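Below is one structure, written out as structure tokens; the observations come after it.
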Amino acid sequence: MDPAKLSWGLIIICGLSVWCIPLISYDIPLSWEGMYHARVTGDYAQAQFYDSGSFGPDGRPHIYSPLFHLISAGFLIILPVDAAWLARWTPPLMACVLIMIWAFLVSRLVSRSIALLSSLLLLTIPAFIDLGFLFSPHSLALILVLTGFLFLDSRPCISGICGILIFLTQGTVGIFYLMVISIWALLDERKRKQSLLCGMITLGGSLPYIYYFISAVPSIMPVFGNQGLKYLFMKLSYGIPVLAFLGIRKHVFAMSCGITGLVLSLLQPSNFVYCAFPLALFAAFFIQDFLTRKNTHILIFAVLFWVLLIPSLHYSSKLEPAARDYESFEWLKPNAVKESVILTGWYQAPICASISGMPPVLGYGFPDTTRVADVEQIYGGNTRLLHEYDVGYAYYGTHESMDYPHPPPSMDKVYSGKGDFLKPEPPVIYVLFTVDTEPDLPPILTTYHGMEMGLPSLLDAFESYDVRATFFILGETAQHYPDLIELIAQDHEIGCHGMHHISLKELSIPEKVQQVEEATGILQRLAGPITSFRSPGHSCDTSLIEIIRQHGYLIEASACKEYAYPYFPSEEDWLEEGNSDLLRVPVSHAPSYFYAPLVYPRSWIECYLDVLDSQSDRRVKIVVIGLHPWELVYLEAPGYELYTQACGDYTYTELSGLLRYLSHRRVNYLTMSELYRVWDVL
């Protein structure tokens, strides 16, 4: 048999042995990163291009270079396999193809013997061993890189096309490709013309995707940041760097790859794979020079190879997926509250999304830098952020214990395994939308643009998110729009806002009684029994509380600076707690009253979180939000811009954003009368 063919067969057998033997014992991919790419591949196969899981509760469009996932999705569609099978068995095959192309390239650039030696030495470098386990675009991109190098002299246009495909496969590998050919051209003037043409084609064809990526990615730096050379010997072992140092020579290709690999490896540990190729090449130079002077060179190399292979075999044994880790996330899927958001470290984010089917707070790959800081604070005990992300469970495993020294406080352990699952006591959150239904900005204006144009938008928004609100309606408004009041009453609670928009505090008791009775009668004829009351202009007082109680009202909902949480008032003073059977439900403080003109221009989501913060000592949280139909239309009232500046787009946008936000949170919408019915048991 041809010794060369025997040698190449030996390389493939060694590679497949290193990679496939661990795979036989497991039904899952041997890397959590592979879980992420398998998940994206599955999404692509189903024509889903929005990732709702791997990047936090709100998700985001897939921004990862798509070529690898599209090709993998094609195999999923054609072959009778699932994404997990593909993630297990394609990495070793791609790694073997990569070795063969490397051997062919080196045999052309240097010699066949150096190609054989360097190919075998690649198997002794842990950073290269990774490629045989990771279902990742790296392997495909590196195959394209070596193919581009092969054609650089004879067909630079093909090398340029390879460059485009590389950027569409894995962006960092694209940077590696351009840096190598640039340094190669700098060191060898014979390469400059071809390298320039290749670079122009690569950048020209890749710019649309590069622009999309930069504009869409939340953070250019991955979450683990600049690790320097911290993982140097874990990823490259000790033996190969020493042999490579002894074998350094002025070989422009090896130097180009080495300089680029070293620079990129300073940025993040996954880039050490770029150092594997030049190190294997320099080490092969030394071994060839050394062995040519020895008669027993074959035996010496065989012993040396197996000595060098030991660190890689030891490294690959650590890549086992830690069955207990897997079991932790399998436990979560049937036992967690549906649609829970999970707090994990960066490394565990893809397994969380893949196995449990539940979204993590922190994204994988290029997460939002704000979320990186937020996760650190949540693990440190920040309850505001805990509510903001609506965290249902916190995972505290090996990686989390390294990144966050202490588990989140005030959480109960609900599962113990390789990693623990902790569960915060879930708050009970009731959100009450209330709408003061009246003329536009009374008494400044007397128009009804809000009723005619703002109210339909408001009702549509509530319907879209299954919100039942309480509409506090003026008696005079009900007289103008009886049909609208009957329409509102079909899906929402009708409350009373008085007869006219005047201060009830200024009236005598008989006048107050007359206002209450007249408005109540009108509303009851249109909507049936009325049990909730809000004074016009929030002009409540102790006497009014007694009047409406005697008229069958159960709730009074005016704002006051003294209270922002429901209470039963005293019969002697409505601003003191007492034994009345009427419940006061004031508008929430955020810290201003939660009305659009008073919180402008702040985000309503921030206001909502402020309300939760102010009730941090209460398990049952009540958020009462006030609205007016006229706040959803543009109004002009010279001298009253403090109120009109919030009208129109601001209110509609913030209301829509808050409703969308709450739709992903565990909240309960109640009307005023519904709150009264459950209040005694809370």
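The sequence shown begins at 502 in the working numbering and counts up one residue at a time.
Positions of the beta carbon are idealized from the N, C-alpha and C atoms, including for glycine.
Source: prediction; values computed, not measured.
First through last residue of the beta strand (DSSP E) which encompasses residue i
i	result
Tyr-1096	Where Tyr-1096 is concerned, there is no enclosing beta strand (DSSP E), given that its DSSP letter is neither H nor E.
Cys-1061	It is not in any beta strand (DSSP E) - Cys-1061 carries neither H nor E in the DSSP assignment.
Gly-1149	No beta strand (DSSP E) contains Gly-1149, which DSSP labels as neither H nor E.
Tyr-897	892 to 897
Ile-843	842 to 844
Own chain partners of residue i with C-beta closer than 6 Å, once the 5 adjacent residues on each side are dropped
i	result
His-1039	Ser-1059, Ala-1060
Asp-1118	none
Pro-1190	In this structure the chain extends from 502 to 1183, so residue 1190 is not present and cannot be described.
Phe-725	Here the model assigns Phe-725 a pLDDT of 49, short of 50, so the residue's position is not dependable and the matter cannot be decided.
Ala-784	Leu-622, Ile-741, Leu-744, Ala-745, Gly-748
Leu-1076	Glu-1063
Gly-878	In the sequence as displayed, the identity of residue 878 is Gln instead of Gly. Correct list, in chain order: Leu-886.
Asp-1114	Arg-885
Leu-782	Ser-619, Ala-755
Ser-818	At Ser-818, the pLDDT of 46 sits below 50, so the modelled position is not reliable; the number obtained from the coordinates is stated separately. Hits under 6 Å: none found.
Phe-550	His-563
Tyr-775	Phe-677, Gly-762, Leu-765
Cβ of residue i within 8 Å of any chain C Cβ
i	result
Phe-569	Among the chains in the structure shown there is no chain C, since it carries only a single protein chain.
Sub-8 Å separation of residue i and residue j beta-carbons
i	j	result
Ser-696	Ser-707	no
Val-1134	Phe-1095	no
Tyr-896	Gly-920	yes
Ala-1020	Gly-976	yes
Leu-497	Ala-777	Within the shown structure, residues of the chain are numbered from 502 to 1183, placing residue 497 beyond reach of any answer.
Trp-603	Leu-647	yes
Gly-645	Cys-663	Just to set this straight, residue 645 is Leu in the shown sequence, not Gly. Yes.
Pro-1102	Val-1086	no
Ser-1093	Ile-1056	no
Pro-627	Cys-521	no
Leu-765	Cys-699	no
His-907	Gln-849	no
Gly-996	Trp-1131	no
Gly-898	Ala-837	no
Leu-989	Leu-1024	Note on identity: in this sequence residue 989 is Ile, with Leu being the wrong assignment. Cβ distance not < 8 Å, so Ile-989 and Leu-1024 don't count as in contact.
Other residues of its chain near residue i: CB distance less than 8 Å, five sequence neighbours each side excluded
i	result
Asn-727	Residue placement at Asn-727 cannot be trusted, given a pLDDT of 47 that sits under 50; the coordinates are not used to answer.
Leu-1171	Tyr-931, Val-932, Leu-933, Arg-969, Val-1179
Ile-1010	Ser-1044, Ile-1048
Own chain, CB closer than 7 Å to residue i, minus 5 neighbours either side, in chain order
i	result
Ile-512	Ile-600, Ser-620, Leu-621
Phe-830	Ile-852, Cys-853, Ile-856, Ser-857
Tyr-1272	Summary: the structure shown does not reach residue 1272, with the chain confined to residues 502 through 1183, and so no result is reported for it.
Phe-629	Leu-623, Val-774, Ala-777
Bridge partner(s) assigned by DSSP for residue i
i	result
Gly-996	Phe-973
Met-912	Pro-925
Ser-1033	Ile-1056
Ile-930	Lys-1122
Pro-1087	According to DSSP, which records beta bridges pairwise, Pro-1087 is partnered with nothing at all.
Asp-904	Its beta-bridge partners do not exist; DSSP assigns none.
Val-1017	Per DSSP, none; premise fails for Val-1017.
Gly-1127	Thr-935
Tyr-551	Pro-562
Tyr-1068	Arg-1085
Asn-772	In the DSSP output, where bridge partners are listed per residue, Asn-772 has none listed.
Tyr-1170	Val-932
Glu-1077	Partner(s): none; Glu-1077 has no beta bridge.
Enclosing alpha helix (DSSP H) for residue i [first to last residue]
i	result
Val-1134	That residue, Val-1134, is in no alpha helix (DSSP H); it is neither H nor E in DSSP.
Val-743	740 to 747
Ala-588	584 to 610
Tyr-710	693 to 717
His-1039	Element bounds for His-1039: n/a, residue is neither H nor E.
Cys-952	Per the sequence shown, residue 952 should be read as Met rather than Cys. Careful: Met-952 lies outside any alpha helix (DSSP H) and carries neither H nor E.
Ser-857	Unbroken run through Ser-857: none, as it is neither H nor E.
Ile-1003	Looking at the DSSP string, Ile-1003 is not in any alpha helix (DSSP H), and its letter there is neither H nor E.
Ser-614	613 to 623
Ala-755	753 to 766
Tyr-1109	1105 to 1115
Pro-1139	Premise fails: Pro-1139 is in no alpha helix (DSSP H) and is neither H nor E.
Arg-872	870 to 880
His-1165	Here His-1165 belongs to no alpha helix (DSSP H), and DSSP marks it neither H nor E.
Tyr-678	672 to 688
Leu-571	568 to 579
Glu-987	983 to 990
**OP:** Could you tell me whether the stretch 758 to 766 touches the stretch 672 to 691, where touching means 3 or more Cβ pairs closer than 8 Å?
**Re:** The stretch 758 to 766 makes contact with the stretch 672 to 691: 3 or more CB pairs, one atom from each, lie closer than 8 Å.
**OP:** Indicate whether the contact test is met: 3 or more Cβ pairs, each with one atom in the stretch 1158 to 1167 and one in the stretch 976 to 994, closer than 8 Å.
**Re:** Here the stretch 1158 to 1167 does not lie against the stretch 976 to 994, with fewer than 3 beta-carbon pairs under 8 Å apart.
**OP:** For the stretch 1005 to 1016 and the stretch 1025 to 1035, state whether three or more C-beta atom pairs, one from each stretch, are separated by less than 8 Å.
**Re:** By the Cβ rule, the stretch 1005 to 1016 does not count as touching the stretch 1025 to 1035, because fewer than three pairs are nearer than 8 Å.
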